[in-house]
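Remarks on the structure that follows.
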Amino acid sequence: MYRNITDTTKPANLTEDLRRSVQGIISGVGGAIYIMMTTKLIQTSARYKSMPADQLTLSTKLINLNGVQEGQCKTFKWRGKPLFVKHRTPAEIEEVRNVDLSELRNPQEDSARVKRPEWLILIAICPHLGCIPIHGKGDFNAWLCPCHSSIFDKSGRIRLGPAPTNLEVPPYKFTDDHTVSNTT
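Numbering (the UniProt record's numbering), first residue to last: 1 to 184.
Here it is as structure tokens:
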């Protein structure tokens with residue numbers, strides 16, 4: 001086919017249809033590439049001007065505590081992670097405050113883990129291998145990690161099992177009596 005187009009012994013009018021067909025194919029392929037590149041450029045520009053995913057994750061999140069009854073634990077999504085919000089009873093508060101710190105693998109006062117004694121807020125990821133603990137289970141009737149049996153108390157402190165540290169307390173602040181914000 002290419003030889004017929006470049007054959008200099010034939011008159012131009014005999015190869016015109018073939019040349020136009022090849023020219024049309026080349027133009028069509030070039031046009032398709034141009035459209036794909038333009039689409040990619042527009043998508044990249046739109047993504048560039050929108051808020052980055054890491055900033056979206058860090059954006060302010062408010063949690064209304066009115067729906068969490070005393071003694072109840074609810075799970076929320078916070079910065080892309082599950083979050084436990086536990087409304088503790090006076091008996092639970094007293095129980096965790098009376099724990100002898102020498103019994104704890106990772107000793108930490110309960111008062112250092114909460115901003116208000118009745119509200120315990122924890123990132124719901126086991127520090128051992130990243131599983132999500134189950135509330136209301138284990139020897140201390142608080143949290144049990146089902147993967148390797150790490151047991152946490154009602155302050156989220158590791159009591160038994162392979163977890164190396166306590167459940168993490170995220171940075172947060174109370175914006176009013178019934179609302180928590182993830183900005184400090």
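Yeah, the Cβ is synthetic: ideal placement off N, Cα and C, and Gly gets one too.
Quiz item: How many angstroms separate the CA atom of Gln23 from the CA atom of Gly30?
Solution: 10 Å
Quiz item: Should Glu92 go down as buried or exposed, given a rule of 16 or more other Cβ atoms within 10 Å for buried?
Solution: buried
Practice problem: Taking 9 Å as the cut-off, decide whether the C-beta atoms of Val114 and Ser155 are in contact. | Solution: Contact check for Val114 against Ser155 passes: the beta carbons are separated by less than 9 Å.
Quiz item: Do you know whose CA, among Leu104, Ser21, Val85 and Lys86, lies nearest Pro164's CA?
Solution: Leu104
Quiz item: How is the alpha helix (DSSP H) around Arg97 delimited, first residue to last?
Solution: Pro90 to Arg97
Quiz item: From Cys147 to Ile125, what does the alpha carbon distance come to, in whole angstroms?
Solution: Going by the C-alpha atoms only, they are around 12 Å apart.
Quiz item: When you compare each of Lys173, Val180, Ser21 and Gly138 to Ile158 by their alpha carbons, which one comes out closest?
Solution: Gly138
Self-check item: Proximity of Thr179 and Leu65 at Cβ, strictly below 9 Å
Solution: Contact flag set, yes.
Practice problem: Taking only the alpha-carbon atoms, compute the straight-line gap between Leu129 and Leu83 and give it to the nearest angstrom. | Solution: 17 Å
Self-check item: Coarse secondary structure for Ala124, derived from DSSP in three states
Solution: coil
Practice problem: For my contact list, His87 and Gln69 are in at a C-beta cut-off of 8 Å; report their separation, rounded to the angstrom. | Solution: Confirmed, Cβ separation roughly 6 Å.
Quiz item: Is it buried or exposed for Tyr34, if we count other Cβ within 10 angstroms and need 16 for buried?
Solution: exposed
Quiz item: Any idea if Ala32 is buried or exposed, counting beta-carbon neighbours within 10 angstroms, 16 or more meaning buried?
Solution: Its Cβ having fewer than 16 others within 10 Å, Ala32 is exposed.
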